[in-house]
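Working notes, beginning with the structure itself.
Protein chains: 2
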Amino acid sequence: MESVDPGHLVETAEDGWDMGEREGDWVDLTAQFIVKAHLGEIPEAALETGRLVLMDCLGVALAGSEEPSARIARSLVPEAEGEDGALVLGTSIRSQAEQAAWANGVAAHALDFDDTSRSMEGHPSVSILPVAFALTESENRSGAELIAAFLVGYELQAKLGRVFGPLLRAAGWHSAGVLGTLGAAAAGSRLLQLPAKETIQALGVAASMASGLGANTGSMVKSLHAGNAARNGLIAARLCQRGFTSQRRALEAFLSAFSGSKGVEEIALSQAFEQLGRPFDIVAPGTDIKLYPSCNYTHPAIDAALAIAGEDGFSLAGIKTVKCAIGSRGRVLLRRLPATGLEAKFSLEFCVACALAHRGVDVDSFRDAEVSRLAEVMGRVAVEEQWPESGDPIPEATVTVTWVDGTQRSASVVHPKGSVCNPVARSEVEAKYHRLSARVIREDAVEESARLLGRLETESSIRPLMSLLQRR
Amino acid sequence: MESVDPGHLVETAEDGWDMGEREGDWVDLTAQFIVKAHLGEIPEAALETGRLVLMDCLGVALAGSEEPSARIARSLVPEAEGEDGALVLGTSIRSQAEQAAWANGVAAHALDFDDTSRSMEGHPSVSILPVAFALTESENRSGAELIAAFLVGYELQAKLGRVFGPLLRAAGWHSAGVLGTLGAAAAGSRLLQLPAKETIQALGVAASMASGLGANTGSMVKSLHAGNAARNGLIAARLCQRGFTSQRRALEAFLSAFSGSKGVEEIALSQAFEQLGRPFDIVAPGTDIKLYPSCNYTHPAIDAALAIAGEDGFSLAGIKTVKCAIGSRGRVLLRRLPATGLEAKFSLEFCVACALAHRGVDVDSFRDAEVSRLAEVMGRVAVEEQWPESGDPIPEATVTVTWVDGTQRSASVVHPKGSVCNPVARSEVEAKYHRLSARVIREDAVEESARLLGRLETESSIRPLMSLLQRR
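So the sequence lines, in the order shown, correspond to chains A and B.
Under the working numbering, the first sequence is numbered contiguously, ending at residue 478.
Under the working numbering, the second sequence is numbered contiguously, ending at residue 478.
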């Protein structure tokens with residue numbers, strides 16, 4: 007009789023399900039990193055950027071909580087009984103951590119005003135901040151644990167993005183929804199203090215819950231992706247804390263299915279994951295902080311248009327044409343005339359028209375009514391693709407305004423303000439936090455919350471902070 | 007000055023997000039069908055099969071509620087306050103409809119004992135039954151509305167499966183998770199009585215929430231896919247009832263992203279969707295009812311092994327080899343020696359060993375302990391791929407048992423019992439419902455619920471039925 011080891015699972019044909027196991031690889035490296043990265047060993051640069059990004063994204067989430075997408079989402083969220091649960095930001099609702107994370111993820115991305123990871127070419131924080139806040143609050147963990155969970159969640163997403171972000175986008179996916187789910191599971195596993203084995207299980211569960219179509223850009227669903235990623239990652243961690251099982255191979259299948267590629271590049275993966283935290287991706291290549299609540303591909307043109315609009319003697323009257331030449335990576339923005347404010351965030355015509363007409367681009371610039379109000383100015387904006395361009399992931403832009411009297415003014419921007427090559431000062435991020443959070447919370451709570459966010463890792467509980475983040 | 011229509015959205019480059027709109031097509035056909043299909047116009051054959059499948063899947067869900075995956079999932083589900091909400095099947099917990107649908111979806115697929123659509127090559131009911139029950143209960147709609155919602159949800163999934171089910175599987179996805187989310191959104195939209203426009207929006211939201219990796223087969227995540235699909239589809243409908251927006255093009259992007267194919271076949275799509283309900287896919291090509299709680303690809307071999315084990319003079323002692331030849335579609339089952347009961351559901355070696363050793367294959371056959379207990383018998387089973395095979399989607403099997411004394415017995419099965427070419431009688435489905443539901447609910451509730459399920463379309467409220475489906 008043949009002897010068989012029932013534990014030995016072998017590979018199946020390529021169109022089959024595969025229950026096979028592999029030896030130590032990037033999965034183990036990742037789990038070890040998630041479990042073990044100690045705040046004391048995290049370089050000050052990563053910590054400082056982490057604090058700054060948390061403050062930035064929190065302000066965006068507070069202001070975002072007033073958007074229709076966030077309001078509708080949280081109307082489905084029931085209040086938790088008793089003291090358990092977590093705050094739905096910018097409200098007085100406390101809900102189950104999963105539900106609060108969902109509502110807060112939608113709010114965080116509702117304005118498209120949150121930071122962008124260069125490695126992901128997408129939004130890393132909107133899925134992990136909600137998990138970090140909801141679990142830190144409901145489990146009453148410390149500010150230090152919150153930051154550590156946020157940083158490991160960010161790092162996992164960014165390193166995944168580095169390996170297969172472009173494939174993901176080309177296949178039609180929105181990275182914040184897809185990679186965000188794994189980042190959220192990492193942050194959740196960390197805050198629930200899962201061991202490495204359960205962390206791997208949680209990542210495998212999350213891999214089967216990741217989703218989000220790029221084609222829903224310009225609709226409320228784009229922000230829903232962030233909420234779903236947050237909630238699903240948190241649920242994955244919670245399930246595995248209680249013994250839920252996934253297949254380890256799900257992680258490799260995740261890379262394969264979402265990249266549309268059968269062969270995942272093992273070497274690239276291992277190399278990327280050996281570098282977890284060396285350096286932290288949030289430091290290098292870094293994260294772009296947005297100064298305008300629109301697609302960051304529109305930011306160079308906005309900066310250029312604002313420069314022109316700020317010059318002495320500028321007048322909107324008598325403008326004949328506005329030529330906007332954008333680097334070829336910006337071709338996704340070509341000919342995108344919007345019908346709604348959410349679509350306007352991805353319209354170069356609208357963003358340039360708005361910068362010229364209002365000499366500023368902010369949250370209220372993207373109301374639906376503004377789209378028709380600026381139709382005439384938009385009609386004068388002509389966008390074209392230019393060659394060559396810099397190697398920067400954000401496409402450079404040149405805006406040229408020509409008046410009927412023949413006058414012409416032009417401005418070019420390669421690195422928009424807030425991007426890693428043209429970074430904003432801490433004070434500018436603080437000013438953005440003040441401006442956005444003051445739309446929702448009390449003025450004294452703005453001051454006090456900013457102070458607490460600046461020294462978050464020294465707070466033994468974040469509950470005092472959370473009490474400041476309720477609607478005034 | 008150029009005149010621009012801000013409502014005119016045009017196509018972007020192929021790697022971009024696309025906010026473009028199209029004229030009437032399969033999306034409109036689908037929405038019209040979901041909104042308008044009247045029970046009075048649904049043929050009796052579809053209605054009768056629908057009732058039968060509902061009873062079958064409900065029994066499976068009740069028994070499944072005792073499985074570890076279902077228990078862990080519902081441990082995260084909070085009870086709803088007051089009388090609102092829906093029953094978590096097989097318990098006394100009432101929760102928000104979204105949450106109940108989630109828990110019930112996991113329970114419904116926990117045993118892998120539910121029906122299989124030929125067009126999907128997957129599980130259509132486990133994502134839509136939970137939505138149909140939870141919303142019918144919480145909104146206090148009628149049994150007729152429940153069946154209609156179930157049938158339109160089933161039909162949408164099946165027709166989608168017909169167009170791109172094989173591509174979906176090849177790309178690494180589990181159809182119950184992916185297509186199930188759209189089916190659940192359809193059922194949810196129908197029960198919430200959304201107009202066609204909002205139904206299209208809901209499908210677009212659901213398209214961005216669909217997920218589920220085939221690689222998680224053999225773990226608890228496979229059943230989680232059904233729960234997620236149910237909850238997400240329901241949430242999509244609820245969100246759009248309240249004004250949430252998606253992009254219409256998301257539906258086409260959904261097909262493209264999950265099939266790994268840039269060019270969705272428009273003609274095939276339109277042809278498939280013109281045939282919505284003509285006939286109902288649940289009637290033709292039909293749905294397979296499972297008599298064993300394992301992958302239906304194992305069923306021909308189980309039938310063959312049971313035939314041999316049922317012959318006079320059969321003895322497990324002295325068996326030298328068990329040869330199991332399976333049609334080439336069954337190659338996904340080759341060399342799948344399991345470590346757990348969940349993996350055993352996808353192991354031909356285990357299923358054949360179990361059929362021979364126990365002369366039966368049922369829920370308790372797939373306990374983890376059985377896997378090691380049957381290791382010795384499994385060790386004698388050799389599986390091989392055979393050519394040619396029938397055109398049936400389920401791979402045929404021939405089992406040949408050889409004893410040490412040279413005796414040999416062989417049996418071949420092309421269409422296993424329960425499959426559409428070898429259908430079970432209504433009485434057999436009722437017997438399965440009795441057997442499975444009696445594991446959880448009171449004996450008199452078994453009788454009474456079966457009676458109500460048999461005439462569901464005449465019930466003005468399903469709340470009396472739901473009260474019978476609580477834990478005894």
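Ideal Cβ positions, reconstructed from N, Cα and C, are used throughout, including at glycine.
Since this is a predicted model, take the numbers as computed values, not measurements.
- Query: Where does the unbroken beta strand (DSSP E) through Lys329 of chain A begin, and where does it stop?
  - Reply: Where Lys329 of chain A is concerned, the enclosing beta strand (DSSP E) stretches over 325 to 333.
- Query: Closest Cβ-Cβ distance between Thr97 of chain A and chain B: below 8 Å?
  - Reply: Thr97 of chain A does not count as touching chain B.
- What number of angstroms, rounded off, separates the C-alpha of Thr36 of chain A from the C-alpha of Gln277 of chain A? Roughly 12 Å separates the two Cα atoms.
- Item | Where the beta strand (DSSP E) through Arg80 of chain B begins and ends | It is not in any beta strand (DSSP E) - Arg80 of chain B instead sits in the alpha helix (DSSP H) that spans 74 to 80.
- Message: By DSSP's criteria, Thr5 of chain A is part of a beta bridge. Which residues make up the other side?
- Response: This structure cannot speak to residue 5 of chain A, because chain A is shown only from 7 to 478.
- Message: Here's the rule: buried if 16 or more other CB atoms are within 10 angstroms of the residue's CB, otherwise exposed. What is Pro49 of chain B?
- Response: Answer is exposed; the Cβ neighbour count stays below 16.
- Message: Looking at the secondary structure, which residues open and close the alpha helix (DSSP H) in which Ala499 of chain B lies?
- Response: The shown model of chain B, from 7 to 478, leaves out residue 499 of chain B, and the question about it has no answer.
- Comparing alpha-carbon positions, which option in A:Leu245, A:Gly218, A:Ser252 lies nearest Asn238 of chain B? That would be A:Gly218, whose Cα lies nearest to the Cα of Asn238 of chain B.
- Task: May I ask you to report which of helix, strand or coil DSSP gives Glu449 of chain A?
- Result: DSSP places Glu449 of chain A in helix when its eight states are reduced to three.
- For Val211 of chain B, go through chain A and note every residue whose CB falls closer than 9 Å to its CB, in chain order. Close to Val211 of chain B, with beta-carbon spacing below 9 Å, are these residues of chain A in chain order: Asn222, Ser225, Met226, Val227, Leu230.
- Near Ala109 of chain A, which residues of its chain fall below 6 Å by C-beta distance, leaving aside the five closest residues on each side in sequence? So the list reads Ala79, Arg80, Val83, Val94, once near-sequence residues are dropped.
- Message: Based on DSSP bridge pairs, tell me the residues matched to Ala388 of chain B.
- Response: As a beta-bridge residue in DSSP terms, Ala388 of chain B pairs with B:Lys329.
- Query: Among A:Leu198, A:Ala263, A:Ala242, which one has its Cα closest to the Cα of Phe170 of chain A?
  - Reply: With respect to the C-alpha of Phe170 of chain A, the residue from A:Leu198, A:Ala263, A:Ala242 having the closest C-alpha is A:Ala263.
- Item | Inter-residue spacing [alpha-carbon to alpha-carbon] between Ser473 of chain B and His440 of chain B | Answer to the nearest angstrom: the Cα atoms are 17 Å apart.
- Spatial distance of Leu297 of chain A from Glu436 of chain A (CA atoms): Here the C-alpha atom of Leu297 of chain A lies approximately 12 Å from the C-alpha atom of Glu436 of chain A.
- Message: Under 8 Å, Cβ to Cβ, is there at least one residue of chain A near Gly46 of chain B?
- Response: Not an interface residue.
- Message: Less than 6 Å between C-beta atoms, sequence neighbours within five positions excluded: which residues of the same chain meet that for Ala191 of chain A?
- Response: Once the five neighbours on either side are set aside, the close Cβ partners of Ala191 of chain A are Ala208, Leu209, Ala212, Gly239, Ala242, Ala243.
- Query: Skipping 5 residues on each side, what residues in its chain have a beta carbon closer than 6 Å to that of Glu204 of chain B?
  - Reply: Here the set comprises Cys246.
- Message: For chain B, check one thing: does any of its Cβ atoms lie closer than 8 Å to the Cβ of Met126 of chain A?
- Response: By this cut-off, Met126 of chain A is not an interface position.
- Task: Taking Glu376 of chain B as the query, report the chain A residues whose CB atoms sit under 9 Å from its CB, ordered along the chain.
- Result: In chain order: nothing, as chain A lies at least about 11 Å away.
- Item | C-beta neighbour in chain A for Ile78 of chain B, strict 8 Å | Chain A, which has a Cβ nearer than 8 Å to the Cβ of Ile78 of chain B, makes this yes.
- Name, please, each residue of chain B whose Cβ falls closer than 9 Å to the Cβ of Gln414 of chain A. Against chain B, the beta carbon of Gln414 of chain A has no neighbour under 9 Å; the closest one sits roughly 17 Å away.
- Message: Any contact between the segment 248 to 261 of chain B and the segment 374 to 383 of chain B? By contact I mean 3 or more CB pairs, one from each, below 8 Å.
- Response: Fewer than three beta-carbon pairs drawn from the segment 248 to 261 of chain B and the segment 374 to 383 of chain B are found closer than 8 Å, and the two stretches are therefore not classed as touching.
- Message: Is the beta carbon of Ala113 of chain B closer than 8 Å to that of Gly65 of chain B?
- Response: No, Cβ-Cβ distance for Gly65 of chain B and Ala113 of chain B is not below 8 Å.
- Query: Of all Cβ atoms in chain A, is any one closer than 8 Å to the Cβ of Pro74 of chain B?
  - Reply: Pro74 of chain B counts as touching chain A.
- Could you tell me if Trp179 of chain B is buried or exposed, where buried requires 16 or more neighbouring beta carbons within 10 angstroms of its beta carbon? By the C-beta density criterion, Trp179 of chain B is buried, having at least 16 other C-beta atoms within 10 angstroms.
- Message: Whole angstroms are fine: how far does the CA of Tyr303 of chain A sit from the CA of Thr223 of chain A?
- Response: It is roughly 14 Å from the alpha-carbon of Thr223 of chain A to the alpha-carbon of Tyr303 of chain A.
- Which value, in whole angstroms, describes the spacing of the CA atoms of Phe356 of chain B and Ala51 of chain A? The straight-line gap from Cα to Cα measures roughly 55 Å.
- Cβ neighbours of Arg335 of chain A in the same chain (closer than 6 Å, five flanking residues each side left out): Counting only Cβ-Cβ distances below 6 Å, and skipping sequence neighbours, we find Pro401.
- Message: Closest to Asn511 of chain A by C-alpha separation, out of A:Leu471, A:Gln476, A:Pro399, A:Leu475, would be which residue?
- Response: Past the boundaries of the shown model lies residue 511 of chain A; chain A is included only from 7 to 478, so the question cannot be answered.
- Query: Tell me, which residues are paired with Gly171 of chain A by DSSP?
  - Reply: Paired residue(s): none; Gly171 of chain A is not in a bridge.
- Task: For Glu8 of chain A, count neighbouring Cβ atoms within 10 angstroms of its own Cβ and tell me buried if that reaches 16, exposed if not.
- Result: The predicted model places Glu8 of chain A with a pLDDT of 35, which falls under 50 and marks its position as unreliable; any figure quoted below should be read in that light. With fewer than 16 other Cβ atoms from the protein chains shown falling within 10 Å of its own Cβ, Glu8 of chain A counts as exposed.
- So, are the CB atoms of Val369 of chain B and Ala232 of chain B less than 8 Å apart? Not closer than 8 Å, so no.
- Message: In the DSSP assignment, the alpha helix (DSSP H) including Met472 of chain A goes from what residue to what residue?
- Response: In the DSSP assignment, Met472 of chain A falls within the unbroken alpha helix (DSSP H) covering 469 to 474.
- Identify, in the order they occur along the chain, each residue of the same chain with its Cβ nearer than 6 Å to the Cβ of Ser371 of chain A, setting aside the five sequence neighbours on each side. The residues are Cys360.
- Message: Rounding to the nearest angstrom, what Cα-Cα distance links Arg469 of chain B and Phe139 of chain B in this structure?
- Response: Near 10 Å, if we compare the C-alpha coordinates of Phe139 of chain B and Arg469 of chain B.
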